[in-house]
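Per the numbering used here, the very first residue in the sequence shown carries number 1; after that it's consecutive. In this text, a Cβ means the ideal position worked out from N, Cα and C, and glycines have one as well. Since this is a predicted model, take the numbers as computed values, not measurements. The structure appears right after this line, and notes come after that.
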Amino acid sequence: MEEAMRKEKLIFVTGNKYKIAEAEVSFKKYGLEFEAKPLDIDEIQNHEPLKITESKVRTSYEMLKRPVIVHDSNWSIPALSGFPGGYMKDVTSWFEPEDFLNLMRGKKDRSIYLIEMVAYFDGDNLKTFSEKHELEFVEEPRGFDGSSLDRVTKHRHEDKTVSEIYDLQESGDDLVEDDTFQVWIDFLDWYKEEIK
């Protein structure tokens, strides 16, 4: 059974085209492939994003009975005591870009952290990896693709918002930098050593 599981192609539980594109870049470097599969999962509500991710990967495995990976991300705004944290998915669907900017009005600290997590589960092994990116709020919304928060945030070393970078990728420009995918590299290093 264990040997059979090792030979199965990993299932990446997502329908998000940006997450799929990011994973493909890293998987190709390792000569590996995955199958992307969207699943309708009722995510638990929790202020700890790691608990949400672990629940999601376990639920995905129970539904598919195959080794699975999930990629989750959450935002933490220091000036707002870590808001929205584990509630990011709902908040970004409720808020317009201007709502975030209104919350940040008058705040000296305009930083925001994006925490990316990759979780793997095969029925026995549960492993999580995370990476923290420092971004900052811009003064006005820019770009079209992505979430409402993507339109008002940018990486510290970038001039373009996250949304504007997605717009360029959508038009065929490849502006993705290797360090964007460090969480995938960490996972794949472990996967090739321990599982594959």
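Member of the options whose CA lies at the smallest distance from the CA of residue i
{"i": "residue 145", "options": "139, 131, 160, 133", "result": "160"}
{"i": "residue 61", "options": "30, 80, 117, 41", "result": "41"}
{"i": "residue 129", "options": "138, 9, 143, 119", "result": "119"}
{"i": "residue 65", "options": "100, 11, 189", "result": "11"}
{"i": "residue 79", "options": "195, 109, 21, 136", "result": "109"}
{"i": "residue 91", "options": "81, 125, 74", "result": "74"}
{"i": "residue 82", "options": "29, 94, 114", "result": "114"}
Whole-number beta carbon distance between residue j and residue i, since they are thought to touch under 8 Å
{"i": "residue 133", "j": "residue 155", "result": "7 Å"}
{"i": "residue 43", "j": "residue 56", "result": "6 Å"}
{"i": "residue 192", "j": "residue 18", "result": "That pair is no contact at about 24 Å."}
According to DSSP, residues forming a beta bridge with residue i
{"i": "residue 137", "result": "153"}
{"i": "residue 132", "result": "115"}
{"i": "residue 127", "result": "120"}
{"i": "residue 72", "result": "117"}
{"i": "residue 83", "result": "77"}
Where residue i falls: helix, strand or coil (DSSP)
{"i": "residue 148", "result": "coil"}
{"i": "residue 38", "result": "coil"}
{"i": "residue 32", "result": "coil"}
{"i": "residue 95", "result": "coil"}
Own chain, CB closer than 7 Å to residue i, minus 5 neighbours either side, in chain order
{"i": "residue 163", "result": "142, 143, 144, 145, 146, 150, 151"}
Cβ shell of residue i (< 8 Å), same chain only, five flanking positions each side left out
{"i": "residue 3", "result": "Note on residue 3: pLDDT 43, under 50, position unreliable in the model; the coordinate value appears next. So the list is empty, once near-sequence residues are dropped."}
Cβ of residue i within 8 Å of any chain C Cβ
{"i": "residue 46", "result": "No chain C appears in the structure shown, which is made up of a single protein chain."}
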